[in-house]
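Okay, structure first, notes after.
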Amino acid sequence: MTLTHNPCVLVIESDDSLANQLSFDLKEAGYETVIAHDASSGMQYSRDREPALIVIDRMLSGESGLSLCKNIRGTGMRSPVLVLMARDTVDDRVACLEAGADDYFLKPYRAEDFLNLVRLYLKPDVDTSEQLRFGDLVLDIATRRAILNGRAIDLTMKEFELLKFLMEHPREVLTREQILENVWGYDFMGESNVIEVYIRYLRLKIEDEGQKRLIQTVRGVGYVLRDS
1 MTLTHNPCVL
11 VIESDDSLAN
21 QLSFDLKEAG
31 YETVIAHDAS
41 SGMQYSRDRE
51 PALIVIDRML
61 SGESGLSLCK
71 NIRGTGMRSP
81 VLVLMARDTV
91 DDRVACLEAG
101 ADDYFLKPYR
111 AEDFLNLVRL
121 YLKPDVDTSE
131 QLRFGDLVLD
141 IATRRAILNG
151 RAIDLTMKEF
161 ELLKFLMEHP
171 REVLTREQIL
181 ENVWGYDFMG
191 ESNVIEVYIR
201 YLRLKIEDEG
211 QKRLIQTVRG
221 VGYVLRDS
């Protein structure tokens, strides 16, 4: 598969063999790749290259990939971040998401599944001129930013996708299953509180303190975007 614009993928992986395999498969799929073997160079490359997507191993040599993810998000970087993980527990998933990652990929590495996930996050926007509006809240599709009362709010890829889905169905109660299927595209085994984590983040970003709650919880069902 050859991509027109050859998006750059930054791979932060301390295992040389896995880093080289990831880079080879990504290049074969048409992506440009940059490899960093530690957190320090990974942070530097994320600033200098502004990659379209970042892949971080949770266990870098003597360092935490999740801490690096938090630091990258702290610079304002909004590119999607995928974390390579060896374990798949609820706590692991939530820790990954709370670090600012958009998704995770479980080891052992499987090229086809990994590239499918990369393509999911790097698929081109169909319409980049669209804006969604709900009261004073505006979601700009091109920049993936929310705007509330003139204040621009940066969103991660998954925060953007979740808010977009809610704003496409205003005042409609959306079940957890609908949200998982439409925002994540697959099931988190039904036990993860991934949705709650992201709802909490969105509320902190788009709801001013003391103002009415926009994203409301419908106990036992899901969530609804409404202004009353």
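Be aware that the sequence shown starts at 1, since it is given in full-length UniProt numbering, and climbs by one per residue.
The C-beta atom is built at its ideal place from N, Cα and C for all residues, glycine as well.
Bear in mind that the values here come from a model prediction, so they are computed numbers and not experimental data.
Note to self: Do LEU132 and MET167 count as a contact pair if the criterion is CB distance below 9 Å?
What the structure shows: yes
Notebook entry, point to check: Would you call the region 101 to 117 and the region 203 to 217 in contact, with 3 or more CB pairs under 8 Å?
Noted result: no
Next item on the list: Tell me whether the beta-carbon of ARG176 lies closer than 9 Å to the beta-carbon of ARG226.
Entry: no
Next item on the list: Could you check the C-alpha separation between TRP184 and SER40 for me, to the nearest Å?
Entry: 30 Å
Notebook entry, point to check: I think CYS96 touches ARG49, with their Cβ atoms under 8 Å apart; what is that distance to the nearest whole Å?
Noted result: Contact flag wrong, Cβ pair sits at about 23 Å.
Margin query: I'd like the list of long-range same chain contacts for ASP88, defined as Cβ closer than 7 Å, with 5 residues on each side in sequence excluded.
Written below: LEU106
Check: Taking buried to mean at least 16 other C-beta atoms within 10 Å of its own C-beta, is ASP113 buried or exposed?
Finding: exposed
Margin query: Buried or exposed for residue 233, going by 16 or more other Cβ atoms inside 10 Å?
Written below: Residue numbering for the chain in the displayed model covers 1 to 228; residue 233 lies beyond these limits and cannot be assessed.
Margin query: Helix, strand or coil for LEU214? Go by DSSP, reduced to three states.
Written below: coil
Check: Which stretch, first to last residue, makes up the beta strand (DSSP E) that contains TYR223?
Finding: 222 to 225
Notebook entry, point to check: Is the Cβ-Cβ distance between ILE54 and MET77 less than 9 Å?
Noted result: yes
Item checked: Residue nearest to LEU68 in terms of C-alpha spacing, selected from VAL197, ILE12, PHE134 -> ILE12
Next item on the list: Tell me CYS8's beta-bridge partners as DSSP assigns them.
Entry: GLU32
Notebook entry, point to check: With a CB to CB cut of under 6 Å and the five nearest residues on each side skipped, what residues in its chain are close to GLU63?
Noted result: ALA39
Item checked: Unbroken stretches of the alpha helix (DSSP H), 4 residues or longer, contained in the region 36 to 82 -> 39 to 49, 65 to 74
Item checked: Closer than 9 Å to chain B by CB, ILE147 -> The structure shown contains no chain B; it is built from a single protein chain.
Next item on the list: Take ALA19 and list the residues in its own chain whose beta-carbon comes closer than 8 Å to its own, dropping the five residues that flank it on each side.
Entry: VAL11, GLU13, ILE35, HIS37
Notebook entry, point to check: Roughly how many whole angstroms lie between the Cα atoms of GLY42 and SER228?
Noted result: 45 Å
Checklist line | Sheet register partners of residue 237 (DSSP bridge) | finding: Only positions 1 to 228 of the chain appear in the structure, and residue 237 is not among them; the question remains open.
Notebook entry, point to check: Going by the beta-carbon positions, is the gap between THR75 and ARG47 smaller than 9 Å?
Noted result: yes
Check: Under a three-way DSSP split, which group does ASP91 fall into?
Finding: helix
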